[in-house]
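Participant: Sending over a structure as structure tokens; questions will come in a sec.
In our numbering, the protein residues as written are 14 to 414.
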């Protein structure tokens, strides 16, 4: 890859028992942030980053992508809520003396100020460190032979020697929450549209070696139907107030929204604090925001897997790719015929042929013809080892993966 101008960063993460899945994901997340902050000193471009991960790394990478996507969306919602709370506080009429204010308004004012302070502290906490955005800050995610569904394969792994008590400890006794396949379902909103058709699971098979990868959707996802105008009741007028969500769209124009007409002479006029008390959950909405589902926003996801993988069955990639596509993520897959867990990253390269590397380069340089260049690189891929093919074949035969 370096011969073709790719700057390669190889971060590591804490292994068990030094760390559990949360630590591992945190290390990977911080590694992406470090790369964005420092890659320019090595001649790299922070706006052209691809994440590549394999096996356990693919599992951690997928968890990182999902949890980071959720964290960014939660942060945006909390920030928007904070802006709205401050807007209410700023435009609350101040009485000339505290004795003239009603008890309920005093109580609401205290709650409002307390929640603004709490929310500001939360947004500045370590929980929201490394706020890079997977959808906009990464070009693509490439996962190779990842175990994306630990919940359903725990007994298979136990039979293979990764015992259930060990994997439970690594995954903090919550295999479902540590399975990217289930995280998609449990943490994100499923798009309510019928504009994309998924490939049936039975049709996902070994693909033509001449094709880098295939899309998991037969019709590209289209979410335009989700956006509709909502007509408010009569007796309201348009105002130039902006939607707080637009605070997070740089360069966006202030959008119009409907606003109830309250005037100083209107006896029905309510203060901001009184309106908050009509909806007592409004001030504490940040607690709800942190637990609700959000939209799944990811860059293109490319998943590769060996067809005869015994360590991590290929069904992991098939099911996870369909789950991502079902939630509107552009997902691509390639299954290597007659390849084990290690063949795409070990046996193939040392034999002088590296289809996985060629496929990854095609993702990085989609508009360039790399055939001749790749053939030249493949000729020197063995690094002088010159391992006879029969030795490689024998190693593959006895390989337990």
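Where a beta carbon is used, it is the ideal one built from N, C-alpha and C, also for glycine.
Between the C-alpha atoms of residue 180 and residue 169, what's the straight-line distance to the nearest angstrom?
Facilitator: Looking up residue 180 in the chain shown gives position 167. Looking up residue 169 in the chain shown gives position 156. Cα to Cα, residue 180 sits roughly 12 Å from residue 169.
Participant: Using beta-carbon positions only, say whether residue 161 and residue 41 come within less than 8 Å of one another.
Facilitator: On the chain shown, position 148 is the one that residue 161 refers to. On the chain shown, position 28 is the one that residue 41 refers to. The answer is no: Cβ separation not under 8 Å.
Participant: Mapping DSSP to helix, strand and coil, what is residue 169?
Facilitator: Against the chain shown, residue 169 aligns to sequence position 156. Residue 169 falls in the helix class under three-state DSSP.
Participant: Please state if the CB of residue 94 and the CB of residue 359 are separated by a distance shorter than 8 Å.
Facilitator: Here residue 359 is taken as the residue at index 346 of the chain shown, counted from 1. Here residue 94 is taken as the residue at index 81 of the chain shown, counted from 1. No, they are not a contact pair.
Participant: Sorted by chain position, which residues of the same chain lie with C-beta nearer than 8 Å to residue 317's C-beta, five sequence neighbours on each side aside?
Facilitator: As a first step, residue 317 is located in the chain shown; it is residue number 304 there, counting from the start. Closer than 8 Å at the Cβ level, and outside the excluded window around residue 317, lie 155, 156, 157, 158, 226, 330, 346, 347, 348, 349, 357, 369 and 372.
Participant: Please tell me whether, using a cut-off of 7 Å, the distance from the CB of residue 92 to the nearest non-hydrogen atom of the ligand SAH is below it.
Facilitator: Among the components modelled here there is no ligand, and therefore nothing to report on the ligand SAH.
Participant: Thinking C-alpha only, which one of 122, 381 and 78 is nearest residue 101?
Facilitator: Position 88 of the chain shown, counted from the first residue, corresponds to residue 101. When each option's Cα is compared against that of residue 101, the closest is 122.
Participant: Figure out for me which residue from 147, 381 and 334 has the closest Cα to the Cα of residue 344.
Facilitator: The residue you call residue 344 lines up with position 331 of the chain shown. For residue 344, the nearest C-alpha among the options comes from 334.
Participant: Can a CB atom of chain B be found closer than 8 Å to the CB of residue 373?
Facilitator: This model lacks chain B altogether; it includes just one protein chain.
Participant: Compute the Euclidean distance between the alpha carbons of residue 202 and residue 195, then round it to the nearest angstrom.
Facilitator: Mapped onto the chain shown, residue 202 falls at position 189. Mapped onto the chain shown, residue 195 falls at position 182. Rounded to whole angstroms, residue 202 to residue 195 spans 13 Å at the Cα level.
Participant: Which of helix, strand or coil does DSSP assign to residue 256?
Facilitator: Counting from one through the chain shown, the residue named residue 256 turns up at place 243. Reliability fails at residue 256, whose pLDDT of 37 lies under 50, so the model's placement of it is uncertain and the value that follows must be treated cautiously. The answer is coil: DSSP assigns residue 256 none of H, G, I, E or B.
Participant: What are the start and end residues of the beta strand (DSSP E) that includes residue 67?
Facilitator: Working through the chain shown from its first residue, we reach residue 67 at position 54. Unbroken beta strand (DSSP E) run through residue 67: 63–67.
Participant: Is the beta carbon of residue 163 closer than 8 Å to that of residue 184?
Facilitator: Reading the chain shown from its first residue, position 171 is the one you call residue 184. Reading the chain shown from its first residue, position 150 is the one you call residue 163. Yes, Cβ-Cβ distance for residue 184 and residue 163 is below 8 Å.
Participant: Closest to residue 310 by C-alpha separation, out of 300, 321 and 342, would be which residue?
Facilitator: Within the chain shown, residue 310 is the residue found at index 297, counting from 1. Of the candidates 300, 321 and 342, the one whose C-alpha sits nearest the C-alpha of residue 310 is 342.
Participant: Assign residue 26 to buried or exposed, taking buried as 16 or more other Cβ atoms, counted over all protein chains shown, within 10 Å of its Cβ.
Facilitator: Translated into positions along the chain shown, residue 26 becomes position 13. When all chains shown are included, residue 26 counts as buried.
Participant: Exposed or buried, which one is residue 353 when buried takes at least 16 other CB atoms within 10 Å?
Facilitator: For the purposes of this step, residue 353 is taken as residue 340 along the chain shown, with counting starting at 1. Result: buried.
Participant: By DSSP's criteria, residue 377 is part of a beta bridge. Which residues make up the other side?
Facilitator: Indexing the chain shown from 1 puts residue 377 at position 364. Note: residue 377 sits in no beta bridge, so no partner.
Participant: Would a C-beta distance cut-off of 8 Å place residue 312 and residue 148 closer than the cut-off?
Facilitator: Here residue 312 is taken as the residue at index 299 of the chain shown, counted from 1. Here residue 148 is taken as the residue at index 135 of the chain shown, counted from 1. Yes.
Participant: Name the residue from 142, 182, 132 and 204 whose alpha carbon lies nearest to the alpha carbon of residue 33.
Facilitator: Your numbering for residue 33 matches position 20 in the chain shown. Among 142, 182, 132 and 204, the Cα nearest to that of residue 33 is on 182.
Participant: Taking residue 79 as the reference, give the member of 67, 379, 91 and 314 with the closest Cα.
Facilitator: The count along the chain shown starts at 1 and reaches residue 79 at position 66. If we check each option's Cα against that of residue 79, 314 comes out closest.
Participant: For my contact list, residue 91 and residue 128 are in at a C-beta cut-off of 8 Å; report their separation, rounded to the angstrom.
Facilitator: Here residue 91 refers to the residue found at position 78 of the chain shown. Here residue 128 refers to the residue found at position 115 of the chain shown. Not quite, the Cβ-Cβ distance comes to about 11 Å (not below 8 Å), so this is no contact.
Participant: In terms of residue numbering, what span does the alpha helix (DSSP H) encompassing residue 405 cover?
Facilitator: As a working note, residue 405 is residue 392 in the chain shown. 402–411 is the span of the alpha helix (DSSP H), which, as asked, contains residue 405.
Participant: Apart from the five residues just before and just after residue 49, which ones in its own chain have a Cβ nearer than 8 Å to its Cβ?
Facilitator: Here residue 49 refers to the residue found at position 36 of the chain shown. So the qualifying residues of the chain are 59, 62, 145 and 150.
Participant: Once you ignore the five residues that flank residue 39 on each side, which residues in its own chain have a CB closer than 7 Å to its CB?
Facilitator: Counting from one through the chain shown, the residue named residue 39 turns up at place 26. Here the set comprises nothing.
Participant: According to DSSP, what are the bridge partners of residue 157?
Facilitator: Mapped onto the chain shown, residue 157 falls at position 144. Residue 157 pairs with 67 and 317.
Participant: Could you check which residue in 165, 327 and 405 has the C-alpha nearest to that of residue 365?
Facilitator: As a working note, residue 365 is residue 352 in the chain shown. Nearest option by C-alpha distance: 405.
Participant: In whole angstroms, give me the CA-to-CA distance for residue 325 and residue 68.
Facilitator: Within the chain shown, numbered from 1, the residue matching residue 325 stands at position 312. Within the chain shown, numbered from 1, the residue matching residue 68 stands at position 55. For residue 325 and residue 68, the distance between alpha carbons rounds to 8 Å.
Participant: Residue range of the alpha helix (DSSP H) that residue 183 falls in?
Facilitator: For the purposes of this step, residue 183 is taken as residue 170 along the chain shown, with counting starting at 1. Here the alpha helix (DSSP H) through residue 183 covers 177–183.
Participant: Just the Cα atoms here: how many angstroms apart are residue 23 and residue 172?
Facilitator: Reading the chain shown from its first residue, position 10 is the one you call residue 23. Reading the chain shown from its first residue, position 159 is the one you call residue 172. Computed Cα separation, rounded: 31 Å.
Participant: Could you tell me the distance, in whole angstroms, from the CA atom of residue 65 to the CA atom of residue 367?
Facilitator: For the purposes of this step, residue 65 is taken as residue 52 along the chain shown, with counting starting at 1. For the purposes of this step, residue 367 is taken as residue 354 along the chain shown, with counting starting at 1. C-alpha separation (whole angstroms): 15 Å.
Participant: Would you check if the distance between the CB atom of residue 124 and the CB atom of residue 307 is smaller than 8 Å?
Facilitator: As a working note, residue 124 is residue 111 in the chain shown. As a working note, residue 307 is residue 294 in the chain shown. Against a cut-off of 8 Å, the Cβ pair of residue 307 and residue 124 comes out as no contact.
Participant: Rounded to the nearest angstrom, what separates residue 130 and residue 190 at their Cα positions?
Facilitator: Mapped onto the chain shown, residue 130 falls at position 117. Mapped onto the chain shown, residue 190 falls at position 177. Between residue 130 and residue 190, the C-alpha separation is close to 31 Å.
Participant: Quick check: what's the CA-CA separation for residue 6 versus residue 54?
Facilitator: Residue 6 cannot be examined here, being either before or after the span of the chain that is shown, 14 to 414.
Participant: Within its chain, find whatever has a CB closer than 7 Å to the CB of residue 152; leave out the 5 residues flanking it on each side and keep chain order.
Facilitator: Residue 152 sits at position 139 when you count from the first residue of the chain shown. Correct list, in chain order: 61, 62, 63 and 312.
Participant: Assign residue 142 to one of two classes, buried (16 or more other C-beta atoms within 10 Å of its C-beta) or exposed (fewer than that).
Facilitator: Residue mapping note: residue 142 aligns to position 129 of the chain shown, counting from 1. When all chains shown are included, residue 142 counts as exposed.
Participant: Would you call residue 407 buried or exposed, if buried means 16 or more other Cβ atoms sit within 10 Å of its Cβ?
Facilitator: As a first step, residue 407 must be located in the chain shown, where it is residue number 394. Result: exposed.
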